[in-house]
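Residue numbers (our numbering): 2 to 621. Just so you know, even glycine gets a beta-carbon here, dropped at the ideal spot from N, CA and C.
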């Protein structure tokens, strides 16, 4: 095999569905391929054109456009197009246009037909993709389902909605200008080139000026928000919504060419754009009443199922669900304030577990806690915070986030502690790890503030990570927990299914799959001393330190595959009205998915063995 053919083979071996081909078939495939170069803007396939080739993107990017040039997908290196005409009607339903200079591998129909005849799983793979794209295209053509989520935010900015004022202007002048221009925010420009841009909103005027009796003669720089979170002009609405819901903000300056602000995207703009799409609830939660929040998370799960069917990644869907859950919790805290009055002492309402990691799924319940200021006095303040946390936790349950079966919630007094009490609790878990303490410790190392004093919550988490990094005893116990979550795969790579009960003949892809990776990543993160909490981010931070670079890449790939598989399973359950779970019948899976799942379990098992050899897990 020539060097060029060998490189093509190596590339195909890294991407589905070709990565599952036997070695002989994989080695033969490049000989039937042609390599072509296309320039940015070049149309590769036009709608209605007969196409007889499968295209694999070696480098660059290609947009798939439906009728009316509606964007269905942007495909990059490793992805395919043209397959719909090879497994269905020969005339293309879509236009494919290069959005970057691209190098493509081209497999003609004759070779493709031979390939799918010899390997039917390849045919099923492309048929499944074709159906998914067709369903999405049909949805785009439905007037009630416009493709707003893939709209660039630059297309949504209202002409003339960028109103500015200099930082030296008075608060009164800024308010007058906002009123004259009928805008809900104003961008504050710095007085010199080294100054930072700020933003002042109508909510800031009410909360920071009127409510506090602040002088309106003071410069606007005294009450503006700075630095400001911004988004690029090419950011998709879907991504902008995630930023808004995740950070609880209603105004996002839009920048072009890296720094020039061209407008401000507001939550009202988003609502206007999305009023016909159920995804609106991701940003609409901020103005909801308690009754309007009822079943909001269940509705979000239904929206997430649609994204899964469209081919969105597990990471995107998990971030979407977590962003909505965060927004619901924040809104409930605000409503609790309205009913109970302001908190008597500073506090931080924190998410733990999957919500803290931003990895929620349709089946996720709630796990949360409360960090209290050292000013807290149980006799004076206990009743307030009991009512406050009851309001939030029961509100989350009404929204569709089930109460934690283990009562790991802020409404439980044991999970409401002052900062110093949290530090002592973590110290106890770290220095004298016992069975129950370990179960708590592993979850509470996933710790993220949703509402309140973020700095106080960060201090608790950072102190815990610093202490844990130096505790070899804790490392060994966490390693033991991680390595005991064995993937359900036997000695000869056969699956080990449940033998009886409600889930007979199914695999629990969470217990020995995603949960095992989460636990391993948590230990890798502690060893690396990182305070990030996401599973993927922990693995990335630890690569080359507590885990090899190759091991990190393999583990991320395994985690991604199992997460995607679980979400596809749960999306189907949501669609059919079933309660989502992680129990999958392997006999109902395509063999490509089964093979990839075996490989993922094998990777996890191998890295568990490496972890077991590094730590004294057998003595625990």
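Every unbroken alpha helix (DSSP H) within the region 66-141, with a cutoff of 4 residues, ordered by chain | 85-88 and 110-119
Could you pull out every unbroken alpha helix (DSSP H) segment of at least 4 residues lying fully inside the region 410-481, listed in chain order?
-> 420-432, 436-445 and 455-470
Using the Cα positions of residue 71 and residue 97, report the straight-line distance between them to the nearest angstrom.
-> As a first step, residue 71 is located in the chain shown; it is residue number 70 there, counting from the start. As a first step, residue 97 is located in the chain shown; it is residue number 96 there, counting from the start. Distance between the alpha carbons of residue 71 and residue 97 is about 12 Å.
Rank 472, 432 and 411 by C-alpha distance to the C-alpha of residue 448 and give the top, closest one.
-> The residue given as residue 448 occupies position 447 in the chain shown. Selected option, being the one with the closest Cα: 411.
Where do the ends of the alpha helix (DSSP H) carrying residue 382 lie?
-> Stepping through the chain shown from its first residue, residue 382 is reached at position 381. Looking at the DSSP string, the run of the alpha helix (DSSP H) that includes residue 382 is 379-400.
In its own chain, which residues sit with a C-beta less than 7 Å from the C-beta of residue 276, not counting the 5 before and 5 after it?
-> Looking up residue 276 in the chain shown gives position 275. With a pLDDT of 45 at residue 276, under the threshold of 50, the modelled position of this residue cannot be trusted; read the value that follows with caution. Within the same chain, residue 276 has no close Cβ partners at all.
Label residue 182 either buried or exposed according to how many other C-beta atoms from any shown protein chain fall within 10 Å of its C-beta, with 16 as the threshold for buried.
-> Your numbering for residue 182 matches position 181 in the chain shown. When all chains shown are included, residue 182 counts as exposed.
Between residue 280 and the rest of its own chain, which residues show a CB-CB distance below 6 Å, the 5 nearest in sequence each way excluded?
-> Locating residue 280 in the chain shown gives position 279, counting from the first residue. Because the pLDDT of residue 280 is 49, which lies under 50, any placement of that residue in the model is unreliable, and the number read from its coordinates should be weighed accordingly. Result list for residue 280: 304, in chain order.
So, residue 566 versus residue 540, is the Cβ gap smaller than 8 Å?
-> Residue numbering aside, residue 566 sits at position 565 when the chain shown is read from its first letter. Residue numbering aside, residue 540 sits at position 539 when the chain shown is read from its first letter. No, the pair does not count as a contact, with Cβ atoms beyond the cut-off.
Hey, how far is the Cα of residue 147 from the Cα of residue 69?
-> In the chain shown, residue 147 corresponds to position 146, counting from 1. In the chain shown, residue 69 corresponds to position 68, counting from 1. Bear in mind that a pLDDT of 43 at residue 147, under 50, signals an unreliable position, so the model cannot answer this.
Local conformation of residue 276 per DSSP, three classes | To locate residue 276, count along the chain shown from 1; it is residue 275. The predicted model places residue 276 with a pLDDT of 45, which falls under 50 and marks its position as unreliable, so this point remains unresolved.
Any idea what DSSP makes of residue 525, helix, strand or coil?
-> Taking the first residue of the chain shown as 1, we reach residue 525 at position 524. Residue 525 falls in the helix class under three-state DSSP.
Measure the CB-CB distance between residue 621 and residue 488 and report whether it falls below 8 Å.
-> If you number the chain shown from 1, residue 621 lands on position 620. If you number the chain shown from 1, residue 488 lands on position 487. Taking 8 Å as the Cβ cut-off, residue 621 and residue 488 do not qualify as a contacting pair.
Classify residue 511 as buried or exposed, calling it buried when 16 or more other Cβ atoms lie within 10 Å of its own Cβ.
-> In the chain shown, the residue the question calls residue 511 occupies position 510. Buried: at least 16 other Cβ atoms inside 10 Å.
Where does residue 254 sit, in a helix, a strand or coil, going by DSSP?
-> Counted from its first residue, the chain shown places residue 254 at position 253. Reduced to three states, the DSSP call for residue 254 is strand.
Using the rule of at least 16 other Cβ atoms within 10 Å of the residue's Cβ for burial, across every protein chain shown, is residue 307 buried or exposed?
-> Numbered from 1 along the chain shown, position 306 holds the residue referred to as residue 307. Residue 307 comes out buried.
With DSSP as the reference, label residue 537 as helix, strand or coil.
-> Here residue 537 is taken as the residue at index 536 of the chain shown, counted from 1. The answer is helix: DSSP assigns residue 537 an H, G or I state.
Residue burial classification, residue 5 (beta-carbon count within 10 angstroms, cutoff 16) | Here residue 5 corresponds to residue number 4 of the chain shown, with the count starting at 1. The residue is exposed, with fewer than 16 neighbouring Cβ atoms inside 10 Å.
By Cβ distance below 7 Å, which residues in the same chain neighbour residue 387 in space, the five residues on each side in sequence not counted?
-> On the chain shown, residue 387 is found 386 positions in, with the first residue counted as 1. Nothing meets the Cβ criterion.
Run through DSSP, which three-state label would residue 171 get?
-> Residue numbering aside, residue 171 sits at position 170 when the chain shown is read from its first letter. Strand, per DSSP.
Backbone CA spacing between residue 190 and residue 165 [nearest angstrom] | In the chain shown, residue 190 corresponds to position 189, counting from 1. In the chain shown, residue 165 corresponds to position 164, counting from 1. Their backbone Cα atoms lie some 7 Å apart in a straight line.
Could you give the distance in angstroms between the alpha-carbon of residue 250 and the alpha-carbon of residue 557?
-> Residue numbering aside, residue 250 sits at position 249 when the chain shown is read from its first letter. Residue numbering aside, residue 557 sits at position 556 when the chain shown is read from its first letter. Straight-line Cα distance between these residues: approximately 31 Å.
Give me whichever residues DSSP pairs with residue 348 in a beta bridge.
-> Residue mapping note: residue 348 aligns to position 347 of the chain shown, counting from 1. Answer is 373.
Within 10 angstroms of its Cβ, does residue 321 collect 16 or more other Cβ (buried), or is it exposed?
-> For the purposes of this step, residue 321 is identified with residue 320 of the chain shown, where counting begins at 1. Classification for residue 321: buried.
Residue 379: which of 393, 366, 346 and 353 sits nearest, CA to CA?
-> Residue mapping note: residue 379 aligns to position 378 of the chain shown, counting from 1. Nearest of 393, 366, 346 and 353 to residue 379, Cα basis: 346.
Determine the direct distance from the alpha carbon of residue 599 to that of residue 464, and round the result to whole angstroms.
-> Taking the chain shown and counting its residues from 1, one reaches residue 464 at position 463. Taking the chain shown and counting its residues from 1, one reaches residue 599 at position 598. Taking the straight line joining both Cα atoms gives about 39 Å.
For residue 252, which residues from the same chain have a beta carbon less than 8 Å from its beta carbon, with the 5 sequence-adjacent residues on both sides left out?
-> What you label residue 252 is simply residue 251 of the chain shown in a count that begins at 1. 185, 186, 200, 202, 265, 266, 267 and 268, listed in sequence order.
Look up residue 59 in the DSSP assignment and say whether it is helix, strand or coil.
-> As a first step, residue 59 must be located in the chain shown, where it is residue number 58. The answer is strand: DSSP assigns residue 59 an E or B state.
For residue 502, count neighbouring C-beta atoms within 10 Å of its own C-beta (all shown protein chains included) and say buried if the count is 16 or more, exposed if not.
-> Numbered from its first residue, the chain shown carries residue 502 at position 501. Exposed.
In terms of alpha-carbon separation, which member of 56, 536 and 100 lies closest to residue 355?
-> Counting from one through the chain shown, the residue named residue 355 turns up at place 354. For residue 355, the nearest C-alpha among the options comes from 536.
The alpha helix (DSSP H) enclosing residue 1, as first and last residue numbers | Summary: the structure shown does not reach residue 1, with the chain confined to residues 2 through 621, and so no result is reported for it.
By how many angstroms is the C-alpha of residue 99 removed from the C-alpha of residue 41?
-> As a working mapping, residue 41 is identified with position 40 in the chain shown. As a working mapping, residue 99 is identified with position 98 in the chain shown. Whole-angstrom Cα-Cα distance: 5 Å.
For the alpha helix (DSSP H) that residue 323 lies in, which residues bound it at each end?
-> Taking the chain shown and counting its residues from 1, the one referred to as residue 323 is at position 322. Its alpha helix (DSSP H) spans residues 315-341.
Cα-Cα separation between residue 462 and residue 438, rounded to whole angstroms = The residue given as residue 462 occupies position 461 in the chain shown. The residue given as residue 438 occupies position 437 in the chain shown. About 17 Å.
Bridge partners of residue 496, per DSSP?
-> Within the chain shown, numbered from 1, the residue matching residue 496 stands at position 495. Paired residue(s): 490.
For the alpha helix (DSSP H) that residue 552 lies in, which residues bound it at each end?
-> Translated into the one-based positions of the chain shown, residue 552 becomes position 551. Element bounds for residue 552: 550-576.
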